[in-house]
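Residue numbers (our numbering), protein chains in the order written: chain A, 111 to 351; chain B, 46 to 151. Following: one structure in structure tokens, then a few remarks.
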Amino acid sequence: MRPEHQDSPFVRGLKDGISICIGYLSVGFAFGIFAVSEGLTPLEAILISATNVTSAGQLAAVPVILSGGTLFELAASQLIINLRYTLMSILLSQKFDSSVRLSDRFLIAFVNTDEVFAVASSKKSVGREYLFGLILTPFLGWTAGTAAGACAGDVLPALVISALGIAIYGMFIAIVVPPAREQRSVLFCVSIAIALSCLFRFLPVLSGVQTGFVVIICSVIAAAAAAALFPLPEKEDGHEV
Amino acid sequence: MKFDAFLPYLLTMALVTYLVRAVPLVLMKKKIENRFVLSFLYYMPYAVLSVMTVPAVFFATGHVLSAAAGVVVALVLAFRKRDLLTVAIGASVGVFFAQLLLQMMG
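If you want it as structure tokens, here you go:
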């Protein structure tokens, strides 16, 4: 940890957000290419990114939308896939100092992504100016990256586009593998999830189930099984409010 | 897709995603105590990302073999705890060269 400089909280937030922004540029780019290649218009892809700011949920939504799925299927799958943000928002709210107003919470919630949460929650406490700096560039990077990808699809050679098709999944792998390597409980959860997911894909009886519901069913079963068999240790609460 | 058919989907997903984030952040003032619920929420992201990645990742590049090459690169980099960007780009580079190789072999 380097010592605090004279930078204002906003500038410190900006600096912490830049690395997230760079990552989002490339993954947003990949999402833009994906969404347009699947059949959305560039404008639609950009609007999705600008209003949702979440990779996994957006990726899952595209096939549901394009297959003409019901709004219920879309809402239910987004709820389950994005349920983790509930926990992150609860945990993040514990880090807010007294400068964070109620109206700020409505804005911060909009860009409370996995990475923003990870950075903010690593601090002892965070104020409103720092948080505004932190969320600004990731939001811009995500949206601009999507715009670039959605429009560059025609320009880039097919080889590059197919290679970028894996970028989002690469990010998912980077999130899952390190904890799965260290915690048997996470490895168990991941294994169950993958096994179920493959069953739904390849077993003829189950392969007709809509993608949005497959994500819900498999992940709820896997997370519930892991929670039942490997409950988190009781909290000895270290951090004070 | 037609924009007026798309709009209800956009509004639905944006609303759900925002509420999931905002409701707890705005309303929640005390901590969840239930151990099972906490554990369930802890494991959920890993379950979701796993379900979304396998087997879909193997169909993301147009060829199962090139996708597998990308997955191997991603696994190795992630196992060494490289950051998200490095793993994502590494996987893409792996796919790129595997595709080149596949094309050369006809």
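We treat Cβ as the ideally placed atom computed from N, Cα and C, and that holds for glycine.
Close Cβ partners of residue i (< 6 Å) along its chain, the five nearest in sequence each way excluded
i         : result
Gly123(A) : Tyr240, Gly243 and Leu244
Val117(B) : none
Ala160(A) : Thr253
Ala143(B) : Ser111 and Ala114
C-alpha distance - residue i paired with residue j, whole-angstrom precision
i         : j         : result
Val132(B) : Leu316(A) : 32 Å
Gly139(B) : Ala273(A) : 8 Å
Ala92(B)  : Ser208(A) : 35 Å
Ile302(A) : Ser118(A) : 46 Å
Phe323(A) : Asp264(A) : 32 Å
Arg311(A) : Leu110(B) : 18 Å
Ala262(A) : Gly237(A) : 38 Å
Ile190(A) : Val61(B)  : 10 Å
Gly115(B) : Thr321(A) : 23 Å
Lys233(A) : Gly127(A) : 14 Å
Phe206(A) : Ile218(A) : 11 Å
Gly259(A) : Val146(A) : 9 Å
Arg294(A) : Ala155(A) : 38 Å
Arg211(A) : Gly133(A) : 29 Å
Phe227(A) : Ala50(B)  : 33 Å
Thr180(A) : Ser231(A) : 36 Å
Leu83(B)  : Ala332(A) : 15 Å
Phe48(B)  : Leu153(A) : 9 Å
Arg80(B)  : Ser129(A) : 34 Å
Nearest-angstrom Cβ-Cβ length linking residue i and residue j, presumed shorter than 8 Å
i         : j         : result
Asn222(A) : Leu250(A) : With 8 Å as the limit, Asn222(A) and Leu250(A) do not qualify as a contact, their Cβ atoms being about 16 Å apart.
Met97(B)  : Val325(A) : 6 Å
Leu157(A) : Leu55(B)  : 6 Å
Ala170(A) : Ser187(A) : 6 Å
Gly280(A) : Ser95(B)  : Not a contact, Cβ separation roughly 14 Å.
Cys131(A) : Thr256(A) : With 8 Å as the limit, Cys131(A) and Thr256(A) do not qualify as a contact, their Cβ atoms being about 13 Å apart.
Ile278(A) : Ala140(A) : 5 Å
Ile175(A) : Ile271(A) : In fact, because the Cβ distance is near 21 Å, the residues do not count as touching under 8 Å.
Phe216(A) : Val68(B)  : Not really, about 10 Å apart at Cβ, beyond 8 Å.
Met89(B)  : Arg194(A) : 5 Å
Residue-level contact to chain A via CB, residue i, 8 Å cutoff
i         : result
Val109(B) : no
Ala113(B) : no
Ala59(B)  : yes
Gly135(B) : yes
Val65(B)  : yes
Val96(B)  : yes
Leu146(B) : no
Met150(B) : no
Val117(B) : no
Test: residue i CB closer than 8 Å to a CB of chain B
i         : result
Thr161(A) : yes
Ile143(A) : no
Ile188(A) : The residue you asked about is not Ile; residue 188(A) is Gln in the sequence shown. Judged by the 8 Å Cβ criterion, Gln188(A) is in contact with chain B.
Ser307(A) : yes
Cys299(A) : yes
Cys328(A) : yes
Phe220(A) : yes
Gly275(A) : yes
Leu202(A) : yes
Phe323(A) : no
Tyr195(A) : yes
Val229(A) : no
Ala284(A) : yes
Gly348(A) : For Gly348(A), the pLDDT reaches just 39, beneath the cut-off of 50, and the residue's location in the model is therefore unreliable, although a value from the coordinates is still provided. Not closer than 8 Å to any Cβ of chain B, the Cβ of Gly348(A) fails to qualify, so no.
Val137(A) : yes
Leu246(A) : no
Arg291(A) : yes
Close Cβ partners of residue i (< 8 Å) along its chain, the five nearest in sequence each way excluded
i         : result
Ala254(A) : Leu135 and Gly138
Val330(A) : Ile190
Ala123(B) : Val132
Phe368(A) : This structure gives no information on residue 368(A), because the portion of chain A shown stretches from 111 to 351.
Glu183(A) : Val174, Gln320, Gly322 and Phe323
Phe103(B) : Val109, Ala112, Ala113 and Val116
Neighbourhood of residue i by C-beta, 7 Å cutoff - its chain only, sequence neighbours within 5 removed
i         : result
Ser213(A) : none
Val287(A) : none
Cys328(A) : Ala303, Leu306, Ser307 and Phe310
Asp128(B) : none
Thr164(A) : Asn192 and Thr223
Ser199(A) : Ala219 and Asn222
heavy atom of the ligand MG below 7 Å from residue i C-beta
i         : result
Glu239(A) : This structure does not include the ligand MG; it has no bound ligands of any sort.
Entirely within the region 54 to 111 of chain B and at least 4 residues each: give me those alpha helix (DSSP H) ranges in chain order. Correct list: 80 to 98.
Segments assigned beta strand (DSSP E), at least 3 residues, entirely inside the region 186 to 230 of chain A: List check, beta strand (DSSP E) in window: nothing returned.
Segments of 4+ residues assigned as alpha helix (DSSP H) that fall wholly inside the region 253 to 321 of chain A: List check, alpha helix (DSSP H) in window: 268 to 274, 277 to 292 and 294 to 312.
Runs of alpha helix (DSSP H) wholly within the region 160 to 188 of chain A (minimum 4 residues, chain order): The qualifying runs are 165 to 176.
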